[in-house]
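J.: The structure that follows is given in the form of structure tokens.
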Amino acid sequence: MKRVALVRLTALGDVIHTAASLQFIKAALPDTHISWFVEEKFAEILAHNPQIDRIVPVDLHSLKKERSLSKIISLRRRIEAAGPFDLVIDVQGLIKSAVVARLAGKRVAGLDRHSAREGIASILYSRRYPVDCADIAPMRFARLIAQALEIDIDREMMERKAPYLFYDPKRDRAKIEAFFDSRRPNVLLVTAASLASKTYPAARWIDVVRGLEEYNILLVAGSADERRTAERIASESSARLLPPIDLDTLKYTVGRCDLLLGGDTGPSHIAWAMNRPSILLFGATPTAMMMQTPINLALSSGVEVHPCRFDKNDRSIASIAPERIIRSAHSLLAK
1 MKRVALVRLT ALGDVIHTAA SLQFIKAALP DTHISWFVEE KFAEILAHNP
51 QIDRIVPVDL HSLKKERSLS KIISLRRRIE AAGPFDLVID VQGLIKSAVV
101 ARLAGKRVAG LDRHSAREGI ASILYSRRYP VDCADIAPMR FARLIAQALE
151 IDIDREMMER KAPYLFYDPK RDRAKIEAFF DSRRPNVLLV TAASLASKTY
201 PAARWIDVVR GLEEYNILLV AGSADERRTA ERIASESSAR LLPPIDLDTL
251 KYTVGRCDLL LGGDTGPSHI AWAMNRPSIL LFGATPTAMM MQTPINLALS
301 SGVEVHPCRF DKNDRSIASI APERIIRSAH SLLAK
């Protein structure tokens, strides 16, 4: 049995897109034991996945705030104790992920210096591979993994993927189920994003909801600021705000809805991963950040965007007309 470790620490959307390759690894190399090093706050998105043999959460986020020697030693021991591995693949291409990969094993594969986001990270790899940063997000990660493991993962395979995010089947979902309507389509709105350049204005979301009032519109929000924005949308429309939920319940909620509307942000990408219909809005980032399908659509502001470097000051997402979103939503739900 071959022991392989994947290192993809952050961010949520990238962790989700990287996980698309797991089913193809297991199909090609069924005896492979797969471990995954991931930032602790995102570990739940990978939980309950039968294709992952071991999840190794690491808390580098808190280490940035408090760099104590004891924490560094404890983290190093945790990483080293997870092995040994026959191969470690750093899918992220950052110095921090390369260090984790190097601590985890001696044979480390990763992006070459021209492909890695932080090119200097490549000096820590024993095997380096080129990947085009302009490729569609899940395929970028798949191409690195496929080269490192000497297997095939092509676009046609990715387009035919099985759903690959899983939630705890034993949890009581009664509080969330109460928000769903069995008589009409349920539409989930992800109104927040990590950057303002990826965030569609609240006033425009209100217009979208008003154009979709025949459906059951639900809002999901995390932080206090996100919830204040969602509360404003709910107060001026027919949308209802869900209570705070964790990643496990978010997976369940997305899997339960008939359509997801959102920006280029981690929670929105859950829909593609679970083969649920979605419409994602793009302004500052390219539509290649998702894989489009007949039920997973990208609506762009039309502004030309560099495929590898994004302008955080770009607010062009606001120029996407609510009517475009409404028409697309009606079209998908009619199917």
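First residue of the sequence shown? That's 1 in this note's numbering, and the numbers climb one at a time after it. A virtual CB, placed ideally from N, CA and C, is assigned to each residue, including glycine. Because the structure is a prediction, the values reported are computed rather than measured.
Alpha carbon to alpha carbon, how far is Arg309 from Ala134?
T.: Position 309 of the sequence shown, counted from the first residue, corresponds to residue 309. Position 134 of the sequence shown, counted from the first residue, corresponds to residue 134. Approximately 10 Å, taken between the alpha carbons.
J.: As an exercise, report each continuous alpha helix (DSSP H) stretch of at least 4 residues that is fully enclosed by the stretch 223-247, in chain order.
T.: 224-235
J.: Skipping 5 residues on each side, what residues in its chain have a beta carbon closer than 8 Å to that of Pro84?
T.: What you label residue 84 is simply residue 84 of the sequence shown in a count that begins at 1. Answer for Pro84: Arg3, Gly105, listed in chain order.
J.: Helix or strand or just coil, what does DSSP make of Ala298?
T.: Stepping through the sequence shown from its first residue, residue 298 is reached at position 298. It is a strand residue.
J.: Val100 by DSSP, collapsed to three states: which one?
T.: As a position in the sequence shown, residue 100 is number 100, starting the count at 1. Correct three-state label for Val100: helix.
J.: Please go through the same chain and pick out, in chain order, the residues whose beta-carbon is closer than 6 Å to the beta-carbon of Val305, but skip the five residues on each side of it.
T.: Locating residue 305 in the sequence shown gives position 305, where the first residue counts as 1. So the qualifying residues of the chain are Pro286.
J.: For Ile176 versus Pro243, is the C-beta distance shorter than 9 Å?
T.: Counting from 1 along the sequence shown, the entry for residue 176 is found at position 176. Counting from 1 along the sequence shown, the entry for residue 243 is found at position 243. Yes.
J.: Measure the CB-CB distance between Leu219 and Thr191 and report whether it falls below 9 Å.
T.: As a first step, residue 219 must be located in the sequence shown, where it is residue number 219. As a first step, residue 191 must be located in the sequence shown, where it is residue number 191. Yes, they are a contact pair.
J.: Taking C-alpha atoms, which residue in Leu9, Asp248, Tyr129 lies nearest to Ala47?
T.: Reading the sequence shown from its first residue, position 47 is the one you call residue 47. Residue Asp248 is the option with its Cα nearest to Ala47.
J.: Thinking Ser237 and Ile206 are a contact (beta carbons under 8 Å), I'd like their distance in whole angstroms, please.
T.: Against the sequence shown, residue 237 aligns to sequence position 237. Against the sequence shown, residue 206 aligns to sequence position 206. Confirmed, about 5 Å.
J.: Rounded to the nearest angstrom, what separates Thr229 and Ala202 at their Cα positions?
T.: If you number the sequence shown from 1, residue 229 lands on position 229. If you number the sequence shown from 1, residue 202 lands on position 202. In a straight line, the C-alpha of Thr229 is about 7 Å away from that of Ala202.
J.: Can you tell which of Arg8, Pro185, Ser21 has the C-alpha that lies nearest to the C-alpha of Val58?
T.: Locating residue 58 in the sequence shown gives position 58, where the first residue counts as 1. Ranking Arg8, Pro185, Ser21 by Cα distance to Val58 puts Arg8 first.
J.: Considering only their Cβ atoms, is the gap separating Phe24 from Ile153 smaller than 9 Å?
T.: Position 153 of the sequence shown holds residue 153. Position 24 of the sequence shown holds residue 24. Their beta carbons are under 9 Å apart, which means Ile153 touches Phe24 by this criterion.
J.: If you scan the stretch 104-176 from start to end, which runs of the alpha helix (DSSP H) of 4 or more residues do you find wholly inside it?
T.: Taking 4 residues as the minimum length, the alpha helix (DSSP H) runs contained wholly in the stretch 104-176 are 137-149, 155-159, in order along the chain.
J.: Expressed to the nearest angstrom, what Euclidean distance is found between the alpha-carbon atoms of Ser97 and Ala142?
T.: Mapped onto the sequence shown, residue 97 falls at position 97. Mapped onto the sequence shown, residue 142 falls at position 142. Using only the alpha carbons, I get a separation of about 17 Å.
J.: Give the secondary structure of Ala19 by DSSP, where H, G and I count as helix, E and B as strand, and everything else as coil.
T.: For the purposes of this step, residue 19 is taken as residue 19 along the sequence shown, with counting starting at 1. Three-state result, Ala19: helix.
J.: Taking the alpha-carbon of Val100 as reference, which of Ala81, Asp112, Ser301 has the nearest alpha-carbon?
T.: Walking along the sequence shown from the start, residue 100 turns up at place 100. If we check each option's Cα against that of Val100, Ala81 comes out closest.
J.: Please classify His33: does DSSP put it in a helix, a strand, or coil?
T.: Translated into the one-based positions of the sequence shown, residue 33 becomes position 33. Strand, per DSSP.
J.: Can you tell which of Met1, Val56, Glu40 has the C-alpha that lies nearest to the C-alpha of His33?
T.: Position 33 of the sequence shown, counted from the first residue, corresponds to residue 33. Ranking Met1, Val56, Glu40 by Cα distance to His33 puts Met1 first.
J.: Is it buried or exposed, His17, if we count other Cβ atoms within 10 angstroms and call 16 or more buried?
T.: Here residue 17 refers to the residue found at position 17 of the sequence shown. His17 should be labelled buried.
J.: Considering Cα atoms alone, identify which of Val254, Ala273, Ala318 is closest to Phe282.
T.: Taking the sequence shown and counting its residues from 1, the one referred to as residue 282 is at position 282. The shortest C-alpha separation from Phe282 is found at Ala318.
J.: Using C-beta distances below 6 Å, list every residue in its chain close to Asn49, excluding the 5 sequence neighbours before and after it, in chain order.
T.: Locating residue 49 in the sequence shown gives position 49, where the first residue counts as 1. Here the set comprises Phe166.
J.: Using the beta-carbon count (16 or more within 10 Å), is Ala288 buried or exposed?
T.: As a first step, residue 288 is located in the sequence shown; it is residue number 288 there, counting from the start. Buried: at least 16 other Cβ atoms inside 10 Å.
J.: Below 8 Å on the Cβ atoms is my guess for Val187 versus Leu259; work out the distance and round it to an integer in Å.
T.: For this step, residue 187 is matched to residue 187 along the sequence shown. For this step, residue 259 is matched to residue 259 along the sequence shown. Yes, they are in contact, since the Cβ atoms of Val187 and Leu259 sit about 5 Å apart, within 8 Å.
J.: Run through the DSSP bridge pairs and tell me what Glu80 is partnered with.
T.: Along the sequence shown, one-based indexing puts residue 80 at 80. Answer is none; Glu80 lacks a bridge partner.
J.: Note down the Cα distance separating Asn296 from Leu280, rounded to an integer number of angstroms.
T.: The residue labelled residue 296 in the question sits at position 296 within the sequence shown. The residue labelled residue 280 in the question sits at position 280 within the sequence shown. One C-alpha to the other measures close to 8 Å.
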